[in-house]
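Chains as they are written, first to last, in the numbering used here: chain A, 851 to 1121; chain B, 6 to 319. For each residue, glycine too, the CB sits at the ideal point set by N, CA and C. Notes follow once the structure below has been shown.
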Amino acid sequence: MDNKSRIKIYEVDTEVISNNYISNDYKHLVLRAPSRALDIVPGQFFHLQCPTFEGSISFLRRPMSVYQFSKKEKQIEFLYKLHGKGTRAISNLKKNNIFNIVGPLGKGFVIEENYKNIVLIARGVGLATLAPLGNLAFEKGINLTVICSARSKEHLMSIDLFNSLSNKVITVTDNDGSSSMFNLELLINNLMSSQSVDAFFTCGSNRILKLLKKVCGLNNIPGQIALEQQMACGIGMCFCCVRPFEIGDKIIQKRVCNEGPVFRISEALPW
Amino acid sequence: MVDLKTNIGDIILKNPIMPASGTFSEDLASVFDIDLLGAHVAKTITAEIRSGNATPRVSESGYNMLNSIGIPSKGIEDFKKNILPIYKEYNTPFIASVSAPSADGFAYICDKISVPGVDAIEINISCPNIEDDGKAFAMRPNSTFKVIEKVRSITNIPIWAKLTPNTGETIEVAKAAQDAGANALVVANTILAMQIDIKTYKPSLGNIMGGLSGPGLKPIVLRMVYQCSKVVDIPIIGCGGISNFEDVIEFILAGSSAVQVGTATFINPNVMLSILSGIKDYCEENKVSKISDLIGLVDDKNTPDTVALMEIDI
Ligand SMILES: Cc1cc2nc3c(=O)[nH]c(=O)nc-3n(C[C@H](O)[C@H](O)[C@H](O)COP(=O)(O)OP(=O)(O)OC[C@H]3O[C@@H](n4cnc5c(N)ncnc54)[C@H](O)[C@@H]3O)c2cc1C
Ligand SMILES: Cc1cc2nc3c(=O)[nH]c(=O)nc-3n(C[C@H](O)[C@H](O)[C@H](O)COP(=O)(O)O)c2cc1C
Ligand code: FES
């Protein structure tokens, strides 16, 4: 790559605007950030520096997908699950706190010129990663179908956001059994018999990846998936974030932070 | 104007700050102009193609991290074709780093990469992951001597021996490296370490053991730099836990001619730039006109030699 034309990565101090619970174990963090750091492609992520919290240190930064952003408003948002000590420390951030973030990082989703109908399908917090892609598709006038899966109705997230971008938001839950892979496959097949689908986009769930590998393979439709792996540097230097991919008949290790986090569904391997 | 130049043998560095092997790539150019650095140090490569260790490859422990990346390597040809040309675009000395399973293996790879564009070769005889149970050549003076002597006989390019903290024979190993013809010492690599998840009872690294880096390593490596500087004449490059300009000044006072920064860049990708401006300010405030004047100035005159040279039992 020509070194002068490299995409810039910024390390910036942001200011917490709000950090509210949206359910028992999910929070929504809104930050005021310098606009230079906000040239973001949907699917890209930032590396967040966790504050020290009650003596517990989270030394490494934590990777988090951009949920929403606005260069005009100088705002960036994250939707996160309270998982371990790092996300708990982040959950303790209060209005006006200073919070250091690095990004935008990685390669985001690609909407090809010829895409007219796309399907986003994800489970739980995976929807956070797909949300900005929904915004972009809406702006581009692309016909959007969103399938949201969760444990129960209460765990469904971002439904209002997706409803504002698409009139085809389908929700499925474990509680009523509608989220079973059998049912999802049926649902996708029905969709494909009533309209054309140019690409699938997903994030996070192993079972959905397996299903989409099958569906995309059988119907010869491209798909993209955002993957996760533990990170240290976040910018491609340390090789701790590798995952295996099938490229032709070879298994190749790629860095999630640098070659990803968005990969082709045909190359991604279930875990 | 403060003169930040420092010499590592015949190589003149515009300043003493360079990245540590394995914690740097051209990707950092997305964050700042890497031509501002004193040198560029590549990730260690091997002649054979290797895939590296199982994940998880990192974990954190206090203000430190453990890694068991291993040496994923695409081999010599890939290095010459895809890595070397990137760094030729910069006006900064480029240091390759190599590892091998034997002295002959080291000589083989050093011969192959003694090409224009490589200003020095770091001999990574200290990586704790590549051999069984973390044993490394730099743990003993004999094996250190053999590797460096063999490499010296095959290349005219400056060679830097990268030592390990996993030894009770720091002084002997440093002398062996110098006697065998090393042009500089890099002190040091990571400390062999491990960690266990008390919920799952599993080691937190896929490889079970890995190398500890970060601020906890600093005083240990600083001690090694101090010990080495007492017994060798070749320049020393300090490396371990450096996170700010104060750490750098400390390492220079202990006897380093330059330093390498690793883990700190993961936490703050701009840290090497802040360190550079920090040492400039320090020199101005303290009327130091040349940073190289500070090398080895630690005031240890009231310390008996026996204590200064004492080796800890490991
Ligand atoms: C590109 C990317 C985007 C992500 N986007 C989101 C998001 O939008 N919302 C959200 O809730 N989560 C997201 N995650 C997952 C999030 O990074 C982890 O939940 C978080 O790092 C957990 O940290 P912790 O300290 O709470 O957990 P701990 O388990 O205490 O963390 C220990 C270590 O493991 C790492 N780790 C643990 N789980 C994961 C994981 N799933 N992925 C990567 N590293 C992990 C941590 O970063 C830390 O280094 C994303 C991960 C990646 C790689
Ligand atoms: C992720 C990671 C990868 C590393 N890879 C290498 C390597 O390939 N070769 C090497 O000589 N040292 C390697 N090291 C060691 C560093 O170069 C350095 O010696 C060590 O991390 C101590 O410095 P620090 O505390 O500033 O990180 C690696 C360290 C880390 C954290
Ligand atoms: S996190 Fe360092 S290479 Fe991906």
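A34(B) versus A1118(A), L879(A), Y860(A), residue with shortest Cα-Cα distance = Y860(A)
Quick one: is the Cβ of F1089(A) within less than 7 Å of any heavy atom of ligand 3?
-> yes
Cβ of L33(B) less than 8 Å from any chain A Cβ?
-> yes
Counting Cβ pairs, one atom from each stretch, are 3 or more of them under 8 Å apart for the segment 40-53 of chain B and the segment 88-96 of chain B?
-> yes
With 8 Å as the threshold, decide whether the Cβ of G1086(A) is near any Cβ in chain B.
-> yes
Are the beta-carbon atoms of C244(B) and V191(B) separated by less than 8 Å?
-> yes
So the beta strand (DSSP E) L1133(A) belongs to, where does it begin and stop?
-> As displayed, chain A neither begins before 851 nor continues past 1121, which places residue 1133(A) out of reach and without an answer.
At a Cβ threshold of 8 Å, is F949(A) touching chain B?
-> no
Unbroken beta strand (DSSP E) runs of length 3 or more, entirely within the segment 952-993 of chain A: which are they?
-> 967-973
How would you call S262(B), buried or exposed, if buried means at least 16 neighbouring beta carbons within 10 angstroms?
-> buried
Using DSSP with H/G/I as helix, E/B as strand and the rest coil, what is K155(B)?
-> helix
What is the rounded straight-line gap between the Cα of I76(B) and the Cα of N58(B)?
-> 8 Å
N-terminal and C-terminal residue of the beta strand (DSSP E) that Y206(B) is part of | Y206(B) -> no beta strand (DSSP E), and no H or E assigned at all.
C998(A) versus chain B: which residues are under 7 Å apart at the beta carbon?
-> Result: empty, since nearest Cβ-Cβ is about 29 Å, beyond 7 Å.
Return the residues of the segment 1056-1083 of chain A that lie within a Cβ-Cβ distance of less than 9 Å from chain B, sorted by chain order.
-> Q1079, Q1080, M1081, A1082, C1083
What's the call for D137(B), buried or exposed, on a 16-neighbour Cβ count within 10 Å?
-> Note that D137(B) scores 45 on pLDDT, short of 50, meaning its location in the model is unreliable and no value can be drawn from it.
So with Cβ pairs under 8 Å, would you call I74(B) a contact of chain A?
-> yes
Going by the C-beta, is T49(B) closer than 7 Å to any heavy atom of ligand 2?
-> yes
Are A987(A) and I961(A) touching if we call contact CB-CB under 8 Å?
-> yes
What is the rounded straight-line gap between the Cα of D202(B) and the Cα of V293(B)?
-> 48 Å
Evaluate the contact criterion for the segment 1093-1102 of chain A versus the segment 200-215 of chain B: three or more CB pairs, one atom per stretch, below 8 Å.
-> no
At a CB-CB cut-off below 7 Å, which residues of chain A make contact with S56(B)?
-> Q1103
Chain-ordered chain B contacts of V952(A) [CB-CB under 7 Å] = P274
How about Y92(B): is its C-beta nearer than 8 Å to some C-beta of chain A?
-> no
Report the partner residues of P892(A) according to the DSSP bridge assignment.
-> According to DSSP, which records beta bridges pairwise, P892(A) is partnered with nothing at all.
When we look at the beta-carbon of N912(A) and count the other beta-carbons within 10 Å, is it buried (16 or more) or exposed?
-> In the sequence as displayed, the identity of residue 912(A) is Arg instead of Asn. With 16 or more other Cβ atoms within 10 Å, it is buried.
Chain A partners of R62(B), CB-CB under 9 Å?
-> Q1080, A1082, C1088, F1089, C1090, C1091, V1092
Distance between beta carbons of A1118(A) and L1077(A), contact taken as under 8 Å = 6 Å
Straight-line Cα distance separating Q265(B) from N69(B) | 16 Å
To the nearest angstrom, report how far apart D15(B) and I280(B) are at their CA atoms.
-> 24 Å
Verify the CB distance criterion: does R861(A) have a CB-CB separation below 8 Å to chain B?
-> Note that residue 861(A) is Glu in the sequence shown here, rather than Arg. Closer than 8 Å: yes.
In the structure shown, what three-state DSSP assignment does L1059(A) receive?
-> helix
Does DSSP put M914(A) in a helix, in a strand, or in coil?
-> strand
State yes or no: is the C-beta of N171(B) nearer than 7 Å to some heavy atom of ligand 2?
-> no
What is the DSSP secondary structure of E127(B), reduced to helix, strand or coil?
-> strand
Answer yes or no: does any C-beta atom of chain B fall closer than 8 Å to that of K921(A)?
-> no
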